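Report on the structure given below.
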Amino acid sequence: MSDAEESGTAGDATEEEVEYAVVLDHLPYGRPDDDRPQHQKPEIAYAVGEQAFDLFELTLADGADVSIGDRIVVAPDADRDLVQRYREIDHDDLSRGAEQELDYVIEEIVERHPDRFLEYFNEAQPLTLRLHQLNVLPGIGEKLRDDILESRKREGPFESFEEMEERISGLHDAKGTVVERIIEELTEDVKYRAFVGEEE
Numbered sequence: 194m195s196d197a198e199e200s201g202t203a204g205d206a207t208e209e210e211v212e213y214a215v216v217l218d219h220l221p222y223g224r225p226d227d228d229r230p231q232h233q234k235p236e237i238a239y240a241v242g243e244q245a246f247d248l249f250e251l252t253l254a255d256g257a258d259v260s261i262g263d264r265i266v267v268a269p270d271a272d273r274d275l276v277q278r279y280r281e282i283d284h285d286d287l288s289r290g291a292e293q294e295l296d297y298v299i300e301e302i303v304e305r306h307p308d309r310f311l312e313y314f315n316e317a318q319p320l321t322l323r324l325h326q327l328n329v330l331p332g333i334g335e336k337l338r339d340d341i342l343e344s345r346k347r348e349g350p351f352e353s354f355e356e357m358e359e360r361i362s363g364l365h366d367a368k369g370t371v372v373e374r375i376i377e378e379l380t381e382d383v384k385y386r387a388f389v390g391e392e393e
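Using our numbering, the letters of the sequence shown map in sequence onto residues 194 to 393.
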């Protein structure tokens with residue numbers, strides 16, 4: 194990974210304009226279902242976007258040095274030097290290796306950008322008369338929802354996942370709740386999306 198990619202200063206784009214993805218699997222000899230001769234099969238990787246958790250199949254540039262877990266630039270084009278082109282794919286299109294890495298990589302993304310997900314807890318509002326945004330998260334029923342809202346009102350916004358768990362009895366793994374919901378949104382047909390497809 195180049196210094197320019199890591200810092201987000203490649204080309205003219207600012208850090209906010211650069212879209213990063215984290216590599217889930219690397220196939221140096223191309224897709225197994227590609228029937229073309231080996232020398233015609235492009236080197237590819239599967240990745241998940243950091244912002245909206247889009248899933249990508251990346252066609253890598255010649256000589257790209259890419260490993261699982263690398264954080265690489267996918268957009269804009271001018272800032273991309275490891276990726277020749279990319280396309281969005283569904284979860285079912287991932288390789289088996291990419292599927293196995295997905296949970297770990299998403300957990301790392303949530304750890305890297307906690308403020309974005311804490312903001313969800315701090316600003317969540319009712320979706321309908323009977324359903325609150327907090328209730329779409331796994332394991333959060335009416336009691337936990339009410340406890341979160343009351344604590345938010347009484348003590349102010351949550352500053353960290355650890356603080357949430359200290360303030361809310363019964364909420365034992367706030368970060369894990371977020372990760373689980375992201376996986377659900379990637380793998381299941383859910384009515385309300387909290388994180389997948391939502392830009393920062």
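Even glycine gets a Cβ: it sits at the ideal position worked out from N, Cα and C. Keep in mind the model is a prediction, meaning the values are calculated, not measured.
Item to check | Every unbroken alpha helix (DSSP H) inside the region 285–369 [4 residues or more] | outcome: With a minimum length of 4 residues, the unbroken runs of alpha helix (DSSP H) contained wholly in the region 285–369 fall at 289–305, 307–316, 335–348, 354–360.
Checklist entry - Who are the near neighbours of residue 282 in its chain, counting only those whose CB is closer than 7 Å to its CB and skipping five residues on each side? => result The answer, listed in chain order, is 248, 249, 250.
Next on the checklist: Let's see if you can read the secondary structure: which residues bound the beta strand (DSSP E) around residue 241?
Outcome noted: Its beta strand (DSSP E) spans residues 237–242.
Checklist entry - Under three-state DSSP, which class holds residue 224? => result Coil at residue 224, not helix or strand.
Next on the checklist: Which residue wins for smallest C-alpha separation from residue 253, given the options 262, 299, 267, 242?
Outcome noted: When each option's Cα is compared against that of residue 253, the closest is 267.
Item to check | Simplified DSSP assignment, three categories, for residue 385 | outcome: For residue 385, the three-state secondary structure derived from DSSP is coil.
Item to check | Simplified DSSP state of residue 212, which is helix, strand or coil | outcome: The answer is strand: DSSP assigns residue 212 an E or B state.
Checklist entry - For the candidate residues 309, 291, 355, whose alpha-carbon lies nearest to that of residue 220? => result When only C-alpha atoms are compared, the closest one is 291.
Item to check | First through last residue of the beta strand (DSSP E) which encompasses residue 259 | outcome: Element bounds for residue 259: n/a, residue is neither H nor E.
Next on the checklist: Based on DSSP bridge pairs, tell me the residues matched to residue 252.
Outcome noted: In DSSP, residue 252 forms a bridge with 237, 278.
Checklist entry - Is residue 259 near residue 216, with beta carbons less than 7 Å apart? => result Taking 7 Å as the Cβ cut-off, residue 259 and residue 216 qualify as a contacting pair.
Next on the checklist: With distance defined between alpha-carbon atoms, name the residue in 355, 325, 238 nearest to residue 342.
Outcome noted: Of the listed residues, the one whose Cα sits closest to residue 342 is 325.
Next on the checklist: Can you give me the C-alpha to C-alpha distance between residue 356 and residue 366, rounded to a whole angstrom?
Outcome noted: Distance between the alpha carbons of residue 356 and residue 366: 11 Å.
Checklist entry - According to DSSP, is residue 245 helix, strand or coil? => result Coil, per DSSP.
Checklist entry - Just checking my contact of residue 370 with residue 331 at CB under 8 Å: how many whole Å lie between their CB atoms? => result Their Cβ separation, rounded to whole angstroms, is 6 Å, which keeps residue 370 and residue 331 in contact under 8 Å.
Item to check | Proximity winner among 363, 389, 373, 214, relative to residue 272 (alpha-carbon distances) | outcome: It is 214.
Item to check | residue 314 beta carbon less than 7 Å from that of residue 303 | outcome: Taking the C-beta atoms as reference points, residue 314 is found no nearer than 7 Å to residue 303.
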